[in-house]
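So the protein lines, in turn, are chains X and W.
Throughout, the numbering used here is defined as the position within the first sequence, counted from one, plus 7.
Throughout, the numbering used here is defined as the position within the second sequence, counted from one, plus 1.
Okay, structure first, notes after.
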Amino acid sequence: MSELFNFHDTWIVVEQNWWLVLASLALGIWVGWVTCVRKNHTAQG
Amino acid sequence: MSHYLLELALWMLLAFFIGCIIGYLLRLMIGGEGAVTLEAAGDVPLKVANAVEPIAPKTAEPAKNAGKMERPKGISAARGGKADKLQRISGVGPKNEKVLHNLGFFHFDQIAKWTPEEVEWVDDHLKFNGRIKREQWTKQCKLLAAGKEEEFAKLFGTGGMKNKAGQTQSGSRTRK
């Protein structure tokens, strides 16, 4: 279990799959953006 | 292998959450109507610079103004069974119209008579952060109640009248 939180080791996973992490980041940015837009529209009424 | 996948999933999840925060903040900073500034790194309180009038001093802090608020008196049903179309008020959509109905407001003249204390109460109740004052709901309602359509359109946009495309919409100066 302690391996799971070993930053140095787990960073290799990111390096090998950077595109997946980047895609997740991009998806997150999109979701955050859309959430903000919807929140504004809801507030508008 | 499963350990590897779990780690990858955790990183992806982390990236997703970070992305959500970045996306949200980006939208607040650059995606708003006109110049929007972030007041805090946390949640919503934002200022829209090109709203109807310059931003009024922040008055919607519940703790400060708790004693000054006063719930406006509503009525149980619309007079004559026919309510005014409150969506004509710039800043009021179908949802807020329902909320106003639930609070007992069906007519423009009712809202036009709100005192500053009552405006504070409704604003606080609807968590509008000073929007009612900023968007001058009482002024809008005074004009609408008096039937001053031209003046209303001049100050607050189409306000429910048909636009060039033939669509009915609320005031265009504060709503898209």
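For every residue, glycine included, the Cβ atom is placed at its ideal position computed from N, Cα and C.
For W:Phe153, the nearest beta carbon of chain X is not closer than 9 Å to its own beta carbon. As the crow flies, the alpha-carbon of X:Trp37 is around 42 Å from that of W:Gly75.
Residue contact with chain X for W:Glu121: absent (no Cβ-Cβ distance below 9 Å to any residue of chain X). For W:Ala16, the uninterrupted alpha helix (DSSP H) run begins and ends at Ser3 to Ile31, by DSSP. Burial check for W:Gly131: the Cβ neighbour count within 10 Å reaches 16 or more, so the residue is buried. Between W:Phe106 and chain X, the shortest Cβ-Cβ separation is not below 9 Å.
For W:Gly81, no chain X residue has a Cβ inside 7 Å of its Cβ, as the nearest lies near 25 Å away.
For W:Lys74, the secondary structure class from DSSP, reduced to helix, strand or coil, is coil.
Burial check for W:Ile112: the Cβ neighbour count within 10 Å reaches 16 or more, so the residue is buried.
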